[in-house]
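Below is one structure; the comments refer to it alone.
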Amino acid sequence: MGGLYADIIVDISHEKLDKPFQYRVPEGLSERLETGMCVTVPFGNGNKLVKGYVIGLGNVCKFDPGRMKDIRGIVKSGVDIEDKMITLAGWIRKNYGSTMIQALKTVLPAKKSVKKLEHRTLQRLLGREEILSLLGESRRRKQVAKERLLKELAENETIPYEWVTGRLGVSAQTIKSLESAGVVRVVSTSSLRNPVGFREVQEQPIKLSSAQQGIVREVLEDFDAGNPDVYLLHGITGSGKTEVYIQLVEEMADRGRQSIVLIPEIALTYQTLLRFYARFGSRVSVMNSTLSSGEKYDQCERAKNGEIDVIIGPRSALFTPFPKIGMIIIDEEHEGSYKSEASPKYHARETALEIARLHGASVLLGSATPSLEAYYRAETGEYKLFTLKERLTGGSLPRVSIVDLRQELREGNRSIFSEKLKELLADRISRGQQSMLFLNRRGYAGFVSCRSCGHVMKCPHCDVSLSEHGNGGRGKSMLICHYCGYSEESPAVCPHCGSRYINGFRAGTQQVEEKLKEMFPGVRTLRMDADTTRTKDSYERILSAFSNKEADVLIGTQMIVKGHDFPNVTLVGVLAADLSLNAGDYRAGEKTFQLLTQAVGRAGRGELPGEALIQTYQPEHYAVVCAAEQNYEKFYNEEIIYREMVGYPPVSHMLAVQIFSRSEESGRRLAEKLSASVRSVYGITAGGRGEEGSGQIPELQLIGPGAASIGKINDIFRFVFYLKCTGYDKLVRIKDMLEEEMQGGQASGDMVQFDFDPVNTL
Ligand code: ADP
Ligand code: ZN
Ligand code: ZN
1 MGGLYADIIV
11 DISHEKLDKP
21 FQYRVPEGLS
31 ERLETGMCVT
41 VPFGNGNKLV
51 KGYVIGLGNV
61 CKFDPGRMKD
71 IRGIVKSGVD
81 IEDKMITLAG
91 WIRKNYGSTM
101 IQALKTVLPA
111 KKSVKKLEHR
121 TLQRLLGREE
131 ILSLLGESRR
141 RKQVAKERLL
151 KELAENETIP
161 YEWVTGRLGV
171 SAQTIKSLES
181 AGVVRVVSTS
191 SLRNPVGFRE
201 VQEQPIKLSS
211 AQQGIVREVL
221 EDFDAGNPDV
231 YLLHGITGSG
241 KTEVYIQLVE
251 EMADRGRQSI
261 VLIPEIALTY
271 QTLLRFYARF
281 GSRVSVMNST
291 LSSGEKYDQC
301 ERAKNGEIDV
311 IIGPRSALFT
321 PFPKIGMIII
331 DEEHEGSYKS
341 EASPKYHARE
351 TALEIARLHG
361 ASVLLGSATP
371 SLEAYYRAET
381 GEYKLFTLKE
391 RLTGGSLPRV
401 SIVDLRQELR
411 EGNRSIFSEK
421 LKELLADRIS
431 RGQQSMLFLN
441 RRGYAGFVSC
451 RSCGHVMKCP
461 HCDVSLSEHG
471 NGGRGKSMLI
481 CHYCGYSEES
491 PAVCPHCGSR
501 YINGFRAGTQ
511 QVEEKLKEMF
521 PGVRTLRMDA
531 DTTRTKDSYE
541 RILSAFSNKE
551 ADVLIGTQMI
561 VKGHDFPNVT
571 LVGVLAADLS
581 LNAGDYRAGE
591 KTFQLLTQAV
601 GRAGRGELPG
611 EALIQTYQPE
621 HYAVVCAAEQ
631 NYEKFYNEEI
641 IYREMVGYPP
651 VSHMLAVQIF
661 SRSEESGRRL
671 AEKLSASVRS
681 VYGITAGGRG
691 EEGSGQIPEL
701 QLIGPGAASI
711 GKINDIFRFV
721 FYLKCTGYDK
731 LVRIKDMLEE
741 EMQGGQASGD
751 MVQFDFDPVN
761 TL
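Numbering (my numbering), first residue to last: 1 to 762.
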């Protein structure tokens, strides 16, 4: 009784992670010892001194106290790679909430595969000349996928199989046909050191513009002076950001430092990677979800051994065990995929900052439409801001117009296609040019709006759209706020203009496709949404079919606005900007601006000028107006006022406490119990705000609890409540308190997760 005991992992060979050993914490250490620290402990029969990591502390002795050994000392942490990873795991655990084991599993390299690594490659069997003549033939026959593959084969004798099916978008069937024609052979090799190191040309670096040079110079000056900093590079697509990244990585390599370049998986295109390969050859490596765990392990070993200077990959590439990182670059930093959806729900941006702190590295964030977080921090001087204004790729920005769907209704057009959109589609189809129709549905969008005046039903407390629930044809449906649980009956007429045309907004890609075929008989369409992209390579297949001009119109959700370039697309139609504008969370405006800006930018990437059309019931909404003008600063200035007024991030911080349970009753009880204890400990009154002068946290606000926007998934009931507060550390303290409260038993099958500054509403 009374003593302090520590659970310690002695060997970070990952299979053993789940078997900690308990040690006694001697008197002199108990004040200083924290979870995540590295310690020395006697181990085994010989009591050999080894290093171990503290993953938990407690007062309960789980073994025979007489045989329990003492921790010998605390090791100064952060010295070698492994220590840094453990320190990082401890930081993640503390700031995002999870167990130490979960945090360790997040940061430590993938498990070593016991099986022999196997890797398939395509080997060409013909000479270059023969390949070139085949290439000409497939070009004439417009077999575009085959053409892409043959082009690569002309330059490379072997290509990784996954690369061909994944990034080149060539089907297994096409490969088979080339195999039976004796053009290629598929070979299984064991342990290919570098999964994509097939092209090693040292290209002459591009001469940077003076604006680009200025950025590189400033970042390096700070770094060389021993003051590595955080920078935000705001520049439209094609303004030369990637070239700046490449230059910085190279400069870091010259200084003996490694770099991590994060790119959203979906934007990890062949073209981007090739540019890095051209410059860094076998000193670059790529991490992506198609790699096997064996390959990932192999990558980590190469990183540790100093065999590579730079790794490119999605969020998880952040945890590459480099000895001395100089630079972390996050491209398209506004992307939602940088936030982990699983516990620990860490954000790559903040985690990158912590890694940079541990290594003394610089951080560069890049985006055409920066997140409110990043831009706010640049405005407040926390980050340095760089702007690249000029587009280097040529091609003019598309002409953008906004169509007022309320006006269409007044003129008797009740369809989702405005007259203008119909006209433009007919024109493009007749010219043989391609169009994209974009339904920017985001998650669950059950909002109710007036088609006559554009009025949207919103929560009076949270200023987000209400969601319609429980209609099913019978009786009155209800409108519910997913932050605070406020509810009201769905109105029969618009409270603003009295129109009967107020109802839930329903439009799916499938209906759009049907309607399109009805309007233009014989039109060739492709559809990309959650339904058509179930299988692994369907995404690439649809995109490559579209770029092969196998369709006139591509209809899809936000999946279609990222990554690929389609030079033949001259028309982009956003069917209803409202779909993302009223998604029911505080980021709806930001997401809409980003999606619309990206969508609009899809038109006119080639020689032909492009045009974009945004249809909406809220044509005066600043997210719509600013996207049409492609004016980021104007959007930011409007949006930040809204965030300030209602106290949402980045001005304030928000913690979502998410409760999952097999039983509705027990989940609700737990949600109520946890929120009640925050209320009582912090003196929050019924109004939601912490009481002034109560000596607690005055600016703390509690919202909820309520059922999550999707109340049940796979028979697991979901509840949530939110805390808003200007101080992040205060939210961390509340998280710690709730975690502690959860330790004292509750019904098994109940689970609590924390989400700081949530990106997606539960
Ligand atoms: P972003 O990453 O902002 O989209 P990129 O770095 O890809 O922009 O640059 C867009 C295009 O301009 C690329 O084709 C790139 O090779 C070219 N480019 C970039 N910087 C220069 C430069 N200084 N001189 C000439 N071409 C450049
Ligand atoms: Zn109305
Ligand atoms: Zn509300």
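For glycine and all other residues, C-beta sits at the position ideal for the given N, C-alpha and C. These numbers come from a predicted model, not from an experiment.
Residue i versus residue j: straight-line alpha-carbon distance, rounded
i, j, result
"ILE159", "GLY166", "12 Å"
"GLN769", "PHE386", "An answer regarding residue 769 cannot be provided, because it is not within the stretch 1 to 762 covered by the chain."
"SER190", "TYR297", "Bear in mind that the predicted position of SER190 carries a pLDDT of just 44, short of 50, making it unreliable; the figure below should be weighed with that in mind. If you take the alpha carbons of SER190 and TYR297, they lie about 14 Å apart."
"ARG527", "LEU554", "6 Å"
"ARG541", "VAL625", "34 Å"
"GLU672", "GLN658", "12 Å"
"SER694", "GLY683", "Note on SER694: pLDDT 44, under 50, position unreliable in the model; the coordinate value appears next. One C-alpha to the other measures close to 7 Å."
"VAL363", "SER343", "24 Å"
"LEU358", "LEU479", "48 Å"
"TYR648", "MET654", "7 Å"
"ILE355", "ALA303", "16 Å"
"LEU466", "ALA576", "18 Å"
"ALA352", "LEU318", "7 Å"
"LYS634", "VAL561", "22 Å"
"CYS497", "GLU411", "17 Å"
"ALA612", "GLU699", "44 Å"
"SER477", "VAL523", "38 Å"
"ALA181", "ARG128", "16 Å"
"GLU423", "VAL219", "50 Å"
"THR242", "ILE329", "10 Å"
"THR320", "ILE260", "8 Å"
"ASP537", "PRO521", "29 Å"
"VAL464", "ASP229", "36 Å"
"VAL732", "PRO460", "28 Å"
"MET252", "GLY3", "49 Å"
"LYS735", "ARG93", "11 Å"
Check whether residue i and residue j have beta carbons under 8 Å apart
i, j, result
"PRO205", "ARG283", "no"
"GLU265", "ASN288", "yes"
"VAL572", "ALA603", "yes"
"HIS482", "GLY706", "yes"
"GLY28", "VAL39", "no"
"LYS62", "PRO42", "no"
"ARG441", "LEU608", "no"
"LEU49", "LEU33", "no"
"LEU232", "LEU372", "no"
"ILE175", "LEU262", "no"
"ILE429", "ASP529", "no"
"GLN299", "SER285", "yes"
"GLN630", "LEU397", "yes"
"GLY36", "GLY73", "no"
"HIS234", "TYR632", "yes"
"ILE246", "ARG217", "no"
"ALA599", "ASP755", "no"
"PHE566", "ARG605", "yes"
"GLN433", "THR570", "yes"
"TYR773", "VAL60", "The requested residue 773 does not occur in the structure, where the chain is confined to residues 1 to 762."
Residues near residue i by beta carbon distance below 6 Å, same chain, minus five either side
i, result
"ILE55", "ASP7, ILE9, PRO20, MET100"
"ASN45", "none"
Cutoff 8 Å; reference residue i; Cβ partners in own chain excluding five residues on either side
i, result
"TYR501", "LEU409, CYS450, ARG451, SER452, CYS494"
"GLY749", "SER661, ARG662, SER663, SER666"
"GLU639", "LEU372, GLY589, GLU590, PHE593, TYR622, ALA623"
CB-CB length for residue i against residue j, believed under 8 Å
i, j, result
"LYS339", "VAL759", "4 Å"
"VAL403", "ASP309", "Incorrect: roughly 50 Å between the Cβ atoms, too far for contact."
"VAL25", "ILE86", "Not really, about 18 Å apart at Cβ, beyond 8 Å."
"GLY256", "LYS324", "7 Å"
"VAL183", "ARG120", "No, VAL183 and ARG120 are not in contact; Cβ-Cβ is about 16 Å, not under 8 Å."
"ASN548", "PHE447", "ASN548 to PHE447, Cβ: 37 Å. No contact."
Same chain only: Cβ atoms within 7 Å of residue i, ignoring 5 sequence neighbours per side
i, result
"ILE236", "ALA368, ARG391"
"LEU126", "VAL183"
"LYS517", "VAL523, THR525"
request  = With ligand 3 as the reference, list in chain order each residue whose Cβ lies under 6 Å from any of its heavy atoms.
outcome  = CYS459, HIS461, CYS462, CYS481, TYR483, CYS484, TYR486
inquiry  = If you measure from each CB to the nearest heavy atom of ligand 2 and keep those under 5 Å, what residues do you get, in chain order?
reply    = CYS450, SER452, CYS453, HIS455, CYS494, HIS496, CYS497, SER499
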